[in-house]
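One structure is given here, and the rest of the page talks about it.
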Amino acid sequence: MIFKNSIYFFKSALRERAYVFWCVVFPVILMVILITIFSSMYKVEKVNFEVYLIKSESGEFSNIIFQVFEDLSKVENKVFNLKVFKDDSLKDKLIEDLKRGRTKLIVEIPEGFDSLVISNISMKMLGLGENSAPLKVYILKHNVSSQAASMVVRNIVDRLNLEFAKRMSKIKEYEVKTEIVGSKTGFSYVDFIYPGIVILAIFFTGLFGIGQELTWYREGKILKRFRITPISSLNFFFSYFLSRLYLFILQALIVTFVGKVLYKSSVNFLSFYFFLYVFLAMLSLSSMGFFISAFSKNTNSAGVIGQILNFPLQFLGGIYFPVSDVPWFIKWIVVINPITYLAAGIRDTLGIMPSPYPIYLTIVVPLIYTALFLFISIRKYKRVELT
Amino acid sequence: MNNFKFIVEVENLKKYYGNVKAVDGVSFKIKQGSIFTLLGPNGAGKTTTLEIIEGLRTPDSGKITIFGRQVEKIGREEKELIGVSLQETNLIGNLTVKETFSMFRSFYKKGLRVDDVLDFVSLKDKAKSYVDKLSGGQRQRLAIGLALINDPLLLFLDEPTTGLDPQARRSIWDLLLQLKKQGKTIVLTTHYMEEAEFLSDWVCIIDHGKIIREGTPEDLIKSIGGESVIEVDVEEDGEFLRELENMGLNYTFNAKHRRLILKTNNVLETIDILLRAAKKRGINIRNEIIRQPNLEDVFLTLTGKQLREE
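Printed below as a string of structure tokens:
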């Protein structure tokens, strides 16, 4: 009987256009919009800029510097294109180019550079101190790209200095190994948002689908009509919950189709953890719907309660962006929000982003909410005469 | 469990909401196979009484015996044997009529075939229509059909014709008479006296939570005396009414509608007295009706007000 009834409730929900739009179609539209807007913001763009090199010298050290720049401009993942100018007669014109953004940086190896380097080395060897070689770099003061280019050149020059110093005083270089932890492919907004949208779809169903619909069932005396039949309240609510379970599965499948097939998300939705958190979301957010219906006088008040809860829980649950660093005056909403734990838990266990909370908490908190919402709602429903 | 002298017995039933005495010591017995009607104005306590018996409300005190068994509140076993049509019928609007019947059929162990019920309540051609798209009359037939789906022994129909046009109301009456022929016991609430009079075997007139008179419609009508009723509209005049009283006329006056209602065994003599008195005081008389007394007159005589005034 439970299964049969759940199918009727399911059919009824699927025929409700507003419900299908807000709980099934809207999350998908939202996902597409978010991915379209934000995925490019999180992509690491390939750095590539123009560097002008004025080489007025052709000595050994000048050639080494020139060679390093030239080699770096020819590698596969080069970060700059190099244009070499053999004398400084065009310097003013090149500086004008820099101001107009045609290049991000000008490196000048001035005339007499080599002899200055040799004299510096000699002075150092004689213990007469040392002066740095006057390699000139021109950048634009308030231009971020220009400053970023200067940092790249600074690294090259530091490397050159180190090479010179090693040759002269046997400095031992320590090898530094860098390893990327977490996602091996780097941050993907699609992977970040996809499990969040699955939870969001369930949230909408809980808040508006269950909360408002059950309130209407009570207000419209439909629950009363069920109560005079031999069907028990437990049987009714279980059938109803089962029908929402089918809807959640449908929602998850549609969002998964969009995420996996259209946007090539690498999230493994067949993972045990994916199912675990989706199930936890179903439990806690459905019981939130029961809770709302138990305390709403009519469908209007259920709608108002839904709207009041919707925005803070939706936007401060970490669905769209990480919420661990929000200001203190809204931090409490994040902390008491069950969605925070569901979103953090599902992303952590799927290897998308580490959870700021211990994993056990991301399971226990939604379970506590489920128990609390159900306990209070059942007590409230038992007290109400459905008349 | 199928033969009882009285299928329902209610004794001294009380339900108070604060200072409001919704049901104030109601007692009655319902014979199996009869149509039993609770007749009264809105707010008289009819629905509350019915909902207590249906197990939807808990009484403050009183005794209910249903199917020969005294119960605090009816349980699953009794629910299998009763059918209920509530005063307000809202159902899941996105299900079709047939789906709704099938769903409710699944709640019961035994019952009728959905197609048979569809046929009986003349909704076969609407089987695939969504509940939301039904007219008031069709919706009411659906409600009665749902009450019949488990082939109950006892039917509770709370104002089944309220808000319906005369034709739809007549078709519901026909349905109820057919059900009576099948041996069903029907408990009806209504504030339409003609409905109670036409359908009922036994009528309980209820007002302010109390039963003020009960009996067959014929006995109740006879109890107020008079073979005929004369109704006329008159301008309100205290002296005129006093004069009628002095002349020995038995009347009630509805001040709100300025309607004078006279019970009489001699129509011609009463009209003569009435016209003379009116002429003497220069009062116009309009909309004269001479008719047989009915339950409305019983209610008016007992309470001084009309059934549909409130």
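Here the protein sequences come in this chain order: A and B.
For the first sequence, this note's numbering gives the first residue as 15, with consecutive numbering after it.
For the second sequence, this note's numbering gives the first residue as 33, with consecutive numbering after it.
Using N, Cα and C, we set each Cβ at its ideal position, and we do this for glycine too.
Predicted model, so just to flag it, every value in this text is computed and none were measured.
Spatial distance of residue i from residue j (CA atoms)
{"i": "B:Gly87", "j": "B:Phe99", "result": "14 angstroms"}
{"i": "A:Leu121", "j": "A:Val151", "result": "Just to set this straight, residue 121 of chain A is Val in the shown sequence, not Leu. Whole-angstrom Cα-Cα distance: 5 angstroms."}
{"i": "B:Thr81", "j": "A:Pro244", "result": "20 angstroms"}
{"i": "A:Lys29", "j": "B:Arg245", "result": "A small correction: the amino acid at residue 29 of chain A is Arg; Lys does not occupy that position in the sequence shown. Roughly 50 angstroms separates the two Cα atoms."}
{"i": "A:Leu276", "j": "A:Ile319", "result": "35 angstroms"}
{"i": "B:Gly336", "j": "B:Asn278", "result": "20 angstroms"}
{"i": "B:Thr79", "j": "B:His240", "result": "12 angstroms"}
{"i": "B:Glu341", "j": "B:Ile84", "result": "Caution is warranted here: a pLDDT of 49 is assigned to B:Glu341, below 50, making its placement in the model unreliable, and the coordinate value is therefore given only provisionally. B:Glu341 and B:Ile84: Cα-Cα distance of roughly 26 angstroms."}
{"i": "A:Thr354", "j": "A:Leu323", "result": "14 angstroms"}
{"i": "A:Thr192", "j": "A:Asn91", "result": "Low confidence applies here, because A:Thr192 scores a pLDDT of 46, under 50, leaving its location unreliable and the question unanswered by this model."}
{"i": "B:Lys61", "j": "B:Arg291", "result": "36 angstroms"}
{"i": "A:Ile213", "j": "B:Arg137", "result": "36 angstroms"}
{"i": "A:Leu140", "j": "A:Met367", "result": "57 angstroms"}
{"i": "B:Asn316", "j": "B:Ile305", "result": "14 angstroms"}
{"i": "A:Ile347", "j": "A:Pro326", "result": "7 angstroms"}
{"i": "B:Lys160", "j": "B:Lys130", "result": "6 angstroms"}
{"i": "B:Gly75", "j": "B:Phe38", "result": "27 angstroms"}
{"i": "B:Leu186", "j": "A:Leu259", "result": "37 angstroms"}
{"i": "A:Lys396", "j": "B:Thr222", "result": "30 angstroms"}
{"i": "B:Asn326", "j": "B:Met225", "result": "8 angstroms"}
{"i": "A:Ser160", "j": "A:Ser87", "result": "17 angstroms"}
{"i": "A:Val195", "j": "A:Gly365", "result": "Note that A:Val195 scores a pLDDT of 45, beneath 50, so its modelled location is shaky; the value from the coordinates is reported in the next line. Cα to Cα, A:Val195 sits roughly 10 angstroms from A:Gly365."}
{"i": "B:Phe133", "j": "A:Ser53", "result": "51 angstroms"}
{"i": "B:Gly65", "j": "B:Asp206", "result": "16 angstroms"}
{"i": "B:Phe152", "j": "B:Lys47", "result": "36 angstroms"}
{"i": "B:Lys295", "j": "B:Ala287", "result": "17 angstroms"}
{"i": "B:Gln119", "j": "B:Gly258", "result": "35 angstroms"}
{"i": "B:Leu231", "j": "A:Ile224", "result": "43 angstroms"}
{"i": "A:Lys405", "j": "A:Tyr66", "result": "As displayed, chain A neither begins before 15 nor continues past 401, which places residue 405 of chain A out of reach and without an answer."}
Partners in chain A for residue i, counting only beta-carbon separations shorter than 9 angstroms
{"i": "B:Ser138", "result": "Met15, Lys18, Asn19, Tyr22, Ile245"}
{"i": "B:Asn126", "result": "Lys25, Ser26, Ala27, Leu28, Arg29, Glu30"}
{"i": "B:Glu131", "result": "Tyr22, Lys25, Ser26"}
Amino acids of chain B, ordered along the chain, whose beta-carbon sits closer than 9 angstroms to that of residue i
{"i": "A:Gly303", "result": "The contacting residues do not exist; A:Gly303 stays about 17 angstroms from chain B at best."}
Spatially closest choice to residue i from the options, by CA coordinates
{"i": "B:Leu146", "options": "B:Asn126, B:Asn182, B:Val116", "result": "Rather than Leu, the amino acid found at residue 146 of chain B in this sequence is Val. If we check each option's Cα against that of B:Val146, B:Asn182 comes out closest."}
{"i": "A:Tyr383", "options": "A:Phe305, A:Arg393, A:Asn134", "result": "A:Phe305"}
{"i": "B:Thr248", "options": "B:Asn286, B:Lys63, B:Asn122, B:Thr121", "result": "B:Lys63"}
{"i": "B:Asn343", "options": "B:Leu207, B:Asp329, B:Phe188, B:Lys216", "result": "This structure does not reach residue 343 of chain B, given that chain B is present from 33 up to 342, and the question cannot be answered."}
{"i": "B:Ile322", "options": "B:Arg290, B:Thr302, B:Thr90, B:Phe188", "result": "B:Thr302"}
{"i": "B:Glu41", "options": "B:Ile96, B:Asp92, B:Lys53, B:Ala54", "result": "B:Ile96"}
{"i": "A:Ala179", "options": "A:Ile132, A:Thr219, A:Leu112", "result": "A:Ile132"}
{"i": "A:Leu104", "options": "A:Ile68, A:Arg116, A:Phe80", "result": "A:Ile68"}
{"i": "A:Gly12", "options": "A:Val292, A:Tyr254, A:Leu284", "result": "Outside the displayed range of chain A (15 to 401) lies residue 12 of chain A, so it cannot be described from this structure."}
{"i": "B:Leu45", "options": "B:Lys53, B:Val58, B:Phe68, B:Phe36", "result": "B:Val58"}
{"i": "B:Leu196", "options": "B:Leu207, B:Arg171, B:Val52", "result": "B:Arg171"}
{"i": "A:Asp362", "options": "A:Asn157, A:Val65, A:Ile207", "result": "A:Ile207"}
{"i": "A:Met15", "options": "A:Ile263, A:Ser307, A:Lys274, A:Phe250", "result": "A:Phe250"}
{"i": "B:Thr121", "options": "B:Ser260, B:Asp190, B:Phe285, B:Lys212", "result": "B:Asp190"}
Chain B residues whose Cβ lies nearer than 7 angstroms to that of residue i
{"i": "A:Gly234", "result": "Asn122"}
{"i": "A:Arg241", "result": "Leu88"}
beta-carbon residue i near the ligand COA non-hydrogen atom, thresh 8 angstroms
{"i": "B:Leu187", "result": "Summarising the ligand content, the structure contains no ligands, and the ligand COA is consequently not present."}
Contacts of residue i in chain A (Cβ-Cβ under 7 angstroms)
{"i": "B:Lys165", "result": "Residues of chain A passing the Cβ test: none, with the nearest at roughly 12 angstroms."}
{"i": "B:Leu118", "result": "Lys235, Lys238, Arg239"}
{"i": "B:Met225", "result": "Those within 7 angstroms of B:Met225 in chain A number zero; the least Cβ separation is about 26 angstroms."}
{"i": "B:Arg101", "result": "The contacting residues do not exist; B:Arg101 stays about 16 angstroms from chain A at best."}
{"i": "B:Arg290", "result": "Per Cβ cutoff of 7 angstroms: no residues; B:Arg290 is ~38 angstroms from chain A at best."}
{"i": "B:Met135", "result": "Asn19, Tyr22"}
{"i": "B:Arg108", "result": "Pro244"}
Partners in chain A for residue i, counting only beta-carbon separations shorter than 8 angstroms
{"i": "B:Lys111", "result": "Ile242, Thr243, Pro244"}
Discussion item. For the pair the segment 102-109 of chain B and the segment 259-273 of chain B, tell me if three or more CB-CB distances fall below 8 angstroms.
Written reply: no
Discussion item. Between the segment 156-171 of chain A and the segment 111-125 of chain A, can you find at least three pairs of beta-carbon atoms closer than 8 angstroms?
Written reply: yes
Practice prompt. Could you name each continuous beta strand (DSSP E) segment of 3 residues or more that falls completely within the segment 148-179 of chain A, going from the start of the chain to the end?
Written response: 150-152
Worksheet item: Given 8 angstroms as the limit, is there contact between the segment 115-128 of chain B and the segment 18-27 of chain A, that is, 3 or more CB pairs closer than that?
Response: yes
Discussion item. List, from N- to C-terminal side, the beta strand (DSSP E) runs of 3 residues or more that fit wholly inside the segment 85-146 of chain B.
Written reply: 93-98, 101-103, 114-117
Worksheet item: With contact counted as at least three CB pairs below 8 angstroms, one residue from each stretch, are the segment 209-223 of chain A and the segment 32-46 of chain A in contact?
Response: yes
Discussion item. Report the start-end ranges of each beta strand (DSSP E) in the segment 55-136 of chain A that is 3 residues or longer and not cut off at the edges.
Written reply: 63-69, 94-99, 119-123
Worksheet item: Does the pairing of the segment 287-304 of chain A with the segment 232-240 of chain A give three or more beta-carbon distances under 8 angstroms?
Response: no
Fill in: Given 8 angstroms, three or more beta-carbon pairs between the segment 150-167 of chain B and the segment 265-284 of chain A
no
Item to complete: For the segment 220-282 of chain B, list the alpha helix (DSSP H) runs that are entirely contained and at least 4 residues long, ordered along the chain.
Response: 225-231, 249-255, 270-278
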